[in-house]
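Student: Encoded as structure tokens, here's the structure I'll be asking about.
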Amino acid sequence: MELYGNTLVKPTTNSYLIKKSAQLIDITDETVRKHCLPIVQLDALKYKERDTIETIFKYWKNNNGFNITLMWDKRVRNYLGTRYDHRNNVFDWDLHMTLHYIDGGNRITNREYTYWRDTGVAYTFLETDCTEPNYTFALALLKDGDKITAIDYFGDIINGPFPSFGLDCEDDDMLKMGNMQPLKRSVDLTERNLTRMLYEIENQKPYKHKGKTDNLGVIITELPKVKIQEVQSYITSS
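Each residue of the sequence shown is one higher than the one before, counting from 1 in UniProt numbering.
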């Protein structure tokens, strides 16, 4: 969820991205791809396009610096212009006059939407701080020799990631209202919906939420240190 919707992520999430990127860098090699990621097909890509994919993964892995906070603020200031000093009023208007008119849009709370418009952080959780830049948000990369730097951020700053998974849910308890307000945030709906979707893809059976007693399978907190050379050797020996 953080990599999908936040400009800033937790340090543990950033570490996961670095390790996963290291494994993905050589996926453009056809032999490795067939073994490690057979579901993905790259046949239609030109060699230059494959090199671009590799460059992106290297940028994510190297963590050379990406001031997404400054870039986000710059985008917001340019978009609002003279309205910037009254941005909270603008955010409130956009939420109530646009997003809340979408079916299920009232699930997006004023607090989470305003915080996202101001900082780019959509998904927040208790007792955690998002302090590291989300390198997957760098949409323009400049390569100078071996060094890769981000030029700017050109993503969404108006609607947010909330409508994708955070407006409805199969579980009635997630849709309860209190004092005409939703008791669950769009963030909570997103977490439940993604949990259900990934569980059903992996297990090929309906997901029924049981609370903290849910057995969602193996939780990967540390990626194995598998080098591409080792994978290639394994394939050859097989």
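Even glycine gets a Cβ: it sits at the ideal position worked out from N, Cα and C.
Determine the direct distance from the alpha carbon of T28 to that of F137, and round the result to whole angstroms.
Tutor: For F137 and T28, the distance between alpha carbons rounds to 21 Å.
Student: By alpha-carbon positions, which one of H100, F162, T82 and N88 ends up nearest to Y123?
Tutor: Comparing Cα positions, the closest option is F162.
Student: What do you get for F165, buried or exposed, if any count of 16 or more other CB atoms within 10 angstroms of its CB means buried?
Tutor: Under this definition F165 is a buried residue.
Student: Would a C-beta distance cut-off of 8 Å place G155 and Y113 closer than the cut-off?
Tutor: Going by C-beta atoms, G155 is not nearer than 8 Å to Y113.
Student: Do D118 and I158 have their beta-carbon atoms positioned less than 8 Å apart in this structure?
Tutor: No, Cβ-Cβ distance for I158 and D118 is not below 8 Å.
Student: DSSP three-state call for L17: helix, strand or coil?
Tutor: In this structure, L17 counts as helix in the three-state DSSP scheme.
Student: Given a threshold of 16 other Cβ atoms within 10 Å of its Cβ, counted over all protein chains shown, does Q23 qualify as buried or as exposed?
Tutor: With 16 or more other Cβ atoms within 10 Å, it is buried.
Student: Quick one: using the 10 Å Cβ neighbour count with 16 as the cut-off for buried, is R77 buried or exposed?
Tutor: It is exposed - the Cβ of R77 has fewer than 16 other Cβ atoms within 10 Å.
Student: If we require 4 or more residues per run, which alpha helix (DSSP H) segments fall completely within the region 123-186?
Tutor: For the region 123-186, whole alpha helix (DSSP H) runs of length 4 or above, ordered along the chain, are 162-165.
Student: Would you mind listing the alpha helix (DSSP H) stretches within the region 35-116 that are 4+ residues and don't spill past its ends, in chain order?
Tutor: Within the region 35-116, the complete alpha helix (DSSP H) runs of at least 4 residues are 47-62, 68-80 and 87-97.
Student: Residues in its own chain within less than 7 Å of D188 by CB, not counting five upstream and five downstream?
Tutor: M174, listed in sequence order.
Student: Identify which residue in N88, I68 and R83 has its Cα closest to the Cα of N134.
Tutor: Among N88, I68 and R83, the Cα nearest to that of N134 belongs to I68.
Student: For V32, which residues does DSSP report across the bridge?
Tutor: Answer is none; V32 lacks a bridge partner.
Student: Determine the direct distance from the alpha carbon of N64 to that of G120, and round the result to whole angstroms.
Tutor: Computed Cα separation, rounded: 20 Å.
Student: With a 10 Å radius around its C-beta and 16 neighbouring C-beta atoms as the bar for buried, classify R111 as buried or exposed.
Tutor: Counting Cβ neighbours within 10 Å, R111 comes out exposed, since fewer than 16 surround it.
Student: To the nearest angstrom, how far is it from the Cα of T128 to the Cα of L8?
Tutor: Answer to the nearest angstrom: the Cα atoms are 12 Å apart.
Student: Please confirm whether G104 and D168 have their CB atoms less than 8 Å apart.
Tutor: In contact: G104 and D168 (Cβ atoms closer than 8 Å).
Student: Starting from G211, trace the alpha helix (DSSP H) both ways and give me its first and last residue.
Tutor: Where G211 is concerned, there is no enclosing alpha helix (DSSP H), given that its DSSP letter is neither H nor E.
Student: Using a 10 Å radius around the Cβ and a threshold of 16 neighbouring Cβ atoms, would you call G81 buried or exposed?
Tutor: Exposed, by the Cβ-count rule.
Student: To the nearest angstrom, how far is it from the Cα of Y101 to the Cα of I108?
Tutor: Taking the straight line from one Cα to the other gives about 11 Å.
Student: Identify, in the order they occur along the chain, each residue of the same chain with its Cβ nearer than 7 Å to the Cβ of V40, setting aside the five sequence neighbours on each side.
Tutor: For V40, where only same-chain residues beyond five positions count, the Cβ hits under 7 Å are R33.
Student: Which residues in the same chain have their Cβ closer than 6 Å to the Cβ of K10, if we skip the five residues on either side of it in sequence?
Tutor: Counting only Cβ-Cβ distances below 6 Å, and skipping sequence neighbours, we find T128 and C130.
Student: Is it right to say Y79 is buried, meaning 16 or more other beta carbons lie within 10 angstroms of its own, or is it exposed?
Tutor: That one is exposed.
Student: Looking at C-alpha atoms only, which residue of L3, K74 and N6 is the closest neighbour of D152?
Tutor: Among L3, K74 and N6, the Cα nearest to that of D152 is on K74.
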